């Protein structure tokens, strides 16, 4: 008999694992809101789970599921999280059905949230979140249906078939070995995670009814593959660039197709399934005799610390800290009273600055010097200390404290223990427990609280007792470009690569100047990983290459070309500007701006009291005068000039920045800047943020205040362009005293003349149609000149006229098709009729 099994807290309800064990075919395990953690995972024969909350985030399962042979798993209305394995591993012809489900993967080894080999998978109104690599990997003839869902990265191979119905793809989509994508209303969102948003190889197909992009430029790569869409949203605002070989086809109207001579070997992202860990007895391997390396003198922890790159101030502070501890130890050995000292510390700094490594070494030094009794290092974060039930946090925290006793307890991202707002703050219970334990164990435990500088200072102020109990504060400064290059070279040396050290150092320093991550050592590790992937790909294409050598061309490929190639690209982009119709003042401005940027770069470091250059600007002019087009070209110019890390343009308006309640505007504005960081933020109709007609309680001014902070603090990390009508933009700059000084550049876009409008129409039609251009130019110019001022919308009018002319020509073709010799030739009569 089918039944519902209730999981949660209270009378008559089961624990989560008990509920699963008790269920049989046809039963539904109904789960109350809360978080359920089971690190060992579950083998699934037949299981149906349903969250009993208002939304999927109300029920969170921290675990993973392995499908048995022909197994069946159905999940509704909940979130499954994993930081170690595939969330769902379907390798034995199983069936997985997800409805209103979030799969949230945060693994460090690129394990896709959902891995399926064969079998059937259906997602409806669901989302796959993946912090690294793709969230969905389909293989060996798997059949997958995604309906009204969102996936962060998808890869199909070995004949897998994926049906996409009103689905959004983020990061990338890939297919190899005769895989097939089909469906309708497919949306690609955001920038690609890599070079291409779409990659199809070796007989794979992507055939859909409708294809949509929300990012200014999207790239696709085809090798012996087919990309086809019956309709799309490609326009002046969204581009699709397809690079393909002669054995491929791209049937997407409006796409820019580029033929490449030699197809590259497909490189699938480095993702893999994770088998359920087997018992130790089953994983034992036969003993192998290996040659033992020659014994080396063991390096002390203090020597290791001093050998670390950079961190001079930290090393000095740690040395003083250790010396005082050793001094105290010697006094105690002589029967003297020790100088009062607490070992507990605060480590403040950005990611990748060595906090964890230094903490391990300090603990080891303290043990080697006999200050701490154990070589014991325990690393935890909020989730290890906090339980979501009354009294549970204190018990859980105390167990960890006792486990670390005699050594070091390292609490990473300690500031997350304090969460502002909310009726219950379990994290504060953990802090209170730790503070008492710290006082009782000053001599036999070292607790290190670590995290970002600003957040940790807020955390300290919220807990006054922490400062007195952990008086040792270590500030981990960001690495310099030279130090990051040194770290990167050491990593490559350890991997036994040879390379041009001078070019590598210069390349790293240039790239590091524009990086937006503030992740220091992590940044250079990621840089090296991308570099090695390029080397691997190029070595496969050239079998005679030395697999230990990183060539100069590999480095240049990673950063978009060498200096000569980037200079050539700058000239190419300037030519694009020069070839635009009209806009003489704009062209002169851009040329002078490029000269100024080049001059700033040459003088960098040579002048006293040097200030960071600011390139934020205003685009003033009427609609349709080419502001967005010029912004795109400027983004590419700044990228190739080494000013920006990315060549992207993120376009926002008032609705994207201004909220409807207190606090929402600051958050929306900060998020918009964050998403644009590294590229260009294009604020269209910016004057609407300060327009007087918005009312006294309007939040637009708060958006401006939030923007001013970002314009100043991150002026070398992104470029903001504020666009709008000339008069209104002048009022906008005067609305806040801080705007004019932070937006020093203004570019005026003049209205097009009637003759220029005629030239725009001719150029647009010239790409695909044949027309009497002298007649067309004359008629369009006269037509536009005769319009009242309020109807002269510049390029938009030209576009609308062109569309109307093409439609009129199609209507004429239908009536005269039998007598037409060239369907691309537009008759004079149609031109004359359209221009009336």
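Numbering (our numbering), first residue to last: 515 to 1350.
Even glycine gets a Cβ: it sits at the ideal position worked out from N, Cα and C.
Given the structure is predicted, the values throughout are model-derived calculations rather than measurements.
If the five residues before and after residue 663 are omitted, its C-beta is found closer than 8 angstroms to the C-beta atoms of 637, 638, 639, 640, 641, 642, 681, 682, all from its own chain and listed in chain order. Taking a 10 Å sphere around the C-beta of residue 1175, we find fewer than 16 other C-beta atoms and assign the residue as exposed.
Around the beta carbon of residue 1015, fewer than 16 other beta carbons sit within 10 angstroms, so the residue counts as exposed.
In the DSSP assignment, residue 1067 falls within the alpha helix (DSSP H) that extends over 1066-1072.
Counting C-beta pairs with one atom in each stretch, the segment 1061-1079 and the segment 1088-1100 have fewer than three that are closer than 8 angstroms, which means they do not touch.
Considering only 990, 715, 558, 567, the residue with the shortest C-alpha distance to residue 520 is 567. In summary, residue 623 is exposed, with fewer than 16 beta-carbon neighbours lying within 10 Å of its beta-carbon over all protein chains present. In the structure shown, residue 586 adopts extended strand secondary structure according to DSSP, grouped into three states. In its chain, beyond the 5 residues on either side, 1233 have a beta carbon closer than 6 angstroms to the beta carbon of residue 1129. Given a length threshold of 3 residues, each whole run of the beta strand (DSSP E) inside the segment 560-637 is given here in chain order: 573-576, 579-596, 602-604, 609-619, 628-631. Taking a 10 Å sphere around the C-beta of residue 1251, we find fewer than 16 other C-beta atoms and assign the residue as exposed. Here the segment 896-910 does not lie against the segment 862-879, with fewer than 3 beta-carbon pairs under 8 angstroms apart. Straight through space, the alpha carbons of residue 770 and residue 753 are spaced by roughly 8 angstroms. A buried status is given to residue 1141, since no fewer than 16 other beta-carbon atoms sit within 10 Å of its beta-carbon. Proximity of the segment 1185-1192 to the segment 1209-1228 meets the contact definition, three or more beta-carbon pairs being nearer than 8 angstroms.
Residue state for residue 1018 is assigned as helix, using DSSP reduced to three classes.
Taking the Cα positions, residue 593 is about 58 angstroms away from residue 1340.
Note on residue 540: under 16 other CB atoms within 10 angstroms of its CB, so exposed under the neighbour-count rule. In the DSSP assignment, residue 726 falls within the unbroken beta strand (DSSP E) covering 719-727.
Within the segment 732-783, no complete alpha helix (DSSP H) segment of 4 residues or longer occurs.
Here residue 1284 carries a strand assignment [DSSP, helix/strand/coil]. For the pair residue 1281 and residue 1316, the Cα-to-Cα distance works out to about 12 angstroms. In its chain, beyond the 5 residues on either side, 886 have a beta carbon closer than 6 angstroms to the beta carbon of residue 880. Two segments are said to touch when three or more pairs of C-beta atoms, one from each, lie closer than 8 angstroms; by this definition the segment 723-733 touches the segment 747-763. When beta bridges are read from the DSSP output, residue 669 appears opposite 651, 688. Cα atoms of residue 575 and residue 942: separation of roughly 24 angstroms, rounded to the nearest angstrom. Annotation for residue 698: the continuous beta strand (DSSP E) segment containing it runs 694-706. Under the 10 Å beta carbon count, residue 1310 is surrounded by fewer than 16 other beta carbons and is classified as exposed.
Between residue 1271 and residue 1160, the alpha-carbon positions lie close to 33 angstroms from each other. When C-beta atoms of the segment 1061-1074 are compared with those of the segment 884-898, fewer than three pairs fall below 8 angstroms, so the two segments do not count as touching. The Cβ-Cβ distance between residue 1084 and residue 1108 falls below 8 angstroms.
For residue 986, the enclosing beta strand (DSSP E) begins and ends at 986-990. Linking residue 717 to residue 671 through their CA atoms gives a straight-line distance of about 10 angstroms. Around the beta carbon of residue 841, fewer than 16 other beta carbons lie within 10 angstroms, which makes this residue exposed.
Within the same chain, 680, 724 come within 6 angstroms of residue 699 by CB-CB distance, once the 5 residues on both sides are set aside.
Buried is the label assigned to residue 618, since at least 16 other Cβ atoms lie within 10 Å of its Cβ.
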